[in-house]
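Counting along the first sequence from 1, when you hit position 77 you're at 281 in our numbering, and nothing is skipped either side.
Glycine residues also receive a C-beta, built at the ideal position from the N, C-alpha and C atoms.
Source: prediction; values computed, not measured.
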Amino acid sequence: MFSAPRGTSDVLPAEQPYWREAIDAAERLCRLFGYARIDTPVFEQADLFERGAGEGSDVVRKEMYVFEDRSGERLALKPEGTASICRAYLQHGMGNLPQPVRLYYLSPTFRYERPQAGRRRQHTQFGCEAIGDADAAVDAEVIELLWRLYADLGLGDLVLLLNSIGDRTCRPRYLEALRAHYQPHLRAVCRDCRDRYARNPLRLLDCKQASCQPVIATAPSIIDYLCDDCRRNFDDLRRYLDALDIPYELTPHLVRGLDYYTRTVFEVQPRGGGAQSTIGAGGRYDALIEELGGKPTPATGFATGIERIVLNLRQQKASVPTATTPQVYVAHQGVEARVEAFKLTSLLRREGVSTVVATGERSLKSQMRQANALGAAWVAILGERELAAGTVQLRNMADAGQRELLQREAIQFLTGTTR
RNA sequence: GUGGGCGUAGCCGAGCGGUUAAGGCGCCAGGUUGUGGCCCUGGAGAUCGAGGGUUCGAAUCCCUCCGUCCACCCCA
205 MFSAPRGTSD VLPAEQPYWR EAIDAAERLC RLFGYARIDT PVFEQADLFE RGAGEGSDVV
265 RKEMYVFEDR SGERLALKPE GTASICRAYL QHGMGNLPQP VRLYYLSPTF RYERPQAGRR
325 RQHTQFGCEA IGDADAAVDA EVIELLWRLY ADLGLGDLVL LLNSIGDRTC RPRYLEALRA
385 HYQPHLRAVC RDCRDRYARN PLRLLDCKQA SCQPVIATAP SIIDYLCDDC RRNFDDLRRY
445 LDALDIPYEL TPHLVRGLDY YTRTVFEVQP RGGGAQSTIG AGGRYDALIE ELGGKPTPAT
505 GFATGIERIV LNLRQQKASV PTATTPQVYV AHQGVEARVE AFKLTSLLRR EGVSTVVATG
565 ERSLKSQMRQ ANALGAAWVA ILGERELAAG TVQLRNMADA GQRELLQREA IQFLTGTTR
């Protein structure tokens, strides 16, 4: 027997309403905020992500689905959304559009990881990118959109973590200071941290090992090392967020796994959430477009995981959205009536009435049972007697009321009442 | 990639060396002559995750693999 590959799963009809709810809310907000949808391929040249996320990032080092196609081209399944959007921005000359260009996407994303709660090898990201503007107002805008999304969905008790990780001018100075701080503690610190010290010192701040906490606690704060431009930008952002009454927690040790981030970084998680709890995250990436071969172009955005949203929706919301049920079930008895029932079904559908017809050789009793199980509001019964009279029995499944109408009247009636 | 828990019909789940492998939900069919939801009766559906081993005998013990869940790494 086949089963879905490890770390992938089917979204069955019963869960679809949650997805609909999340996606509808996201798309409605995008219209409201002036973001236009863009779809990019699920795979791209592998280099795009290596240049984007960074060769040193875990995502490209060990989590990318890389493969060669039949012509030997090196491709990769999208491990994140931003690089593709930037590629499209460049490829289609969007630098000539009014800036910033506001885009959103809804896309499957792939990472080869050990599956875990809230973590799959294929997941779906909804993301917004505003490209071509360095104003902190744009950061505030995408954060507001993300925050509104969760609010509209009724997700409560979320925390917005906020930090600035500086830019090309000030971050190197900070990293120097951070390394200097760690140098004397290298033996006391965990193995991973020794590795981070060499490879990705910013991540030192993110370590959860108890042994490393004292060193983190006394580490210099990046906020104190921001250059004037970065500081101004960060102050602006906070003013905007304050003006919008969006609460945030300054988190000087918040860092991100992708190399392209500059200045603003943020993350949204349920308060007191466990390991894989972050439901949305993002930040500014002012150097990425240039890195991909464009002119220097500031940009900012976020991505949020639909599966993680759905996970939280299911936990937090008691109300289960309704599943799809037909309005009318057409039952029949006798060979002649079969075809007539099939025809009646078609006529009802042409009037926009969602209708299901009984198929196979089942007794009327069985058909009624099925109509009930499917949740049909009405059953139209066509037997030999009705066939002869050109009528149909209309049964209201809620109150068991039933009456006989001419077919034409029945169609008219159902069209009216089910609208 | 590392560590731990778990894998019995579509779903939940008992059994833990010798049973025709419980039970519930769901599905299908009947409960008289053309009709649902409740109830009653019957039925279908399981190579007990896969492969190997121990044993007279294995769903039950051992090994390997696969899957799943949880934690780490990292991330949405």
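Legend entry - Cβ pair Asp361, Pro502 closer than 9 Å: no
Legend entry - Sequence-distant residues of the same chain with beta carbon closer than 7 Å to Arg325, five excluded per side: Arg210, Gly211, Thr212, Phe314, Arg315, Tyr316, Glu317, Pro319
Legend entry - Cβ distance (whole Å) where Val472 is taken to contact Tyr354 below 8 Å: 7 Å
Legend entry - Candidates Ala334, Gln531, Asp356, Thr422: closest to Val305 by CA position: Ala334
Inset, instruction - Determine, using beta-carbon pairs with one atom in the region 537-551 and one in the region 587-606, whether at least three such pairs fall under 8 Å. - result: yes
Inset, instruction - May I ask you to report which of helix, strand or coil DSSP gives Glu180? - result: For residue 180 there is no data in the structure shown, the boundaries of the chain being 205 and 623.
Legend entry - Exposed unless 16 or more other CB atoms sit within 10 angstroms - verdict on His296: exposed
Legend entry - Asn300 classed as buried or exposed, judged by whether at least 16 other C-beta atoms fall within 10 angstroms: exposed
Inset, instruction - Tell me the start and end of each unbroken beta strand (DSSP E) in the region 477-526 that is at least 3 residues and wholly inside, in chain order. - result: 484-488, 503-509
Legend entry - Residue span of the beta strand (DSSP E) that contains Glu271, given as start and end: The amino acid at residue 271 is misidentified as Glu; the sequence shows Phe. Run containing Phe271: 270-272, per the beta strand (DSSP E) assignment.
Legend entry - Inter-stretch contact at 8 Å, needing at least 3 Cβ pairs: the region 419-433 / the region 366-386: yes
Legend entry - Own chain, CB closer than 8 Å to Asp339, minus 5 neighbours either side, in chain order: Asp440
Inset, instruction - Classify Glu453 as buried or exposed, calling it buried when 16 or more other Cβ atoms lie within 10 Å of its own Cβ. - result: exposed
Inset, instruction - Please go through the same chain and pick out, in chain order, the residues whose beta-carbon is closer than 6 Å to the beta-carbon of Leu310, but skip the five residues on each side of it. - result: Phe330
Inset, instruction - Could you tell me whether the region 455-471 touches the region 483-503, using the rule of 3 or more Cβ pairs below 8 Å? - result: yes
Inset, instruction - Report the partner residues of His536 according to the DSSP bridge assignment. - result: Leu586
Inset, instruction - Would you identify the three-state DSSP class for Phe438, choosing helix, strand or coil? - result: helix
Inset, instruction - Only counting runs of 4 or more residues, tell me where the alpha helix (DSSP H) segments fall wholly within the region 364-397, in order along the chain. - result: 375-386
Inset, instruction - State the beta-bridge partners of Cys234 as determined by DSSP. - result: Answer by DSSP bridge pairing: none, since Cys234 is not bridged.
Inset, instruction - Provide the residue(s) that pair with Asn600 in DSSP beta bridges, ordered along the chain. - result: Trp582
Legend entry - Arg400 classed as buried or exposed, judged by whether at least 16 other C-beta atoms fall within 10 angstroms: buried
Inset, instruction - Please say whether Asp410 and Val342 have beta carbons closer to each other than 9 Å? - result: no
Inset, instruction - Check whether the Cβ atoms of Thr373 and Asp449 lie closer than 9 Å to each other. - result: no
Inset, instruction - Pull up the CB-CB distance for Glu225 and Leu357, whole angstroms please, since I reckon it's below 8 Å. - result: 7 Å
Inset, instruction - Give the DSSP bridge partners of Leu332, in chain order. - result: Leu is not the amino acid found at residue 332; the sequence shown has Cys there. BP columns for Cys332 point to Tyr308, Phe506.
Legend entry - Simplified DSSP assignment, three categories, for Phe470: strand
Inset, instruction - Could you check which residue in Gln520, Leu408, Pro302, Val561 has the C-alpha nearest to that of Glu380? - result: Leu408
Legend entry - Those residues which DSSP pairs with His327 across a bridge: Thr313
Inset, instruction - Would you grab the beta carbon distance between Glu284 and Ala250 for me? Rounded to a whole angstrom, and I think it's under 8 Å. - result: That belief does not hold up - the Cβ atoms of Glu284 and Ala250 are roughly 13 Å apart, past 8 Å.
Inset, instruction - Give a yes or no on whether the C-beta atoms belonging to Tyr533 and Val561 are separated by under 9 Å. - result: yes
Inset, instruction - Tell me whether the beta-carbon of Cys332 lies closer than 9 Å to the beta-carbon of Phe271. - result: no
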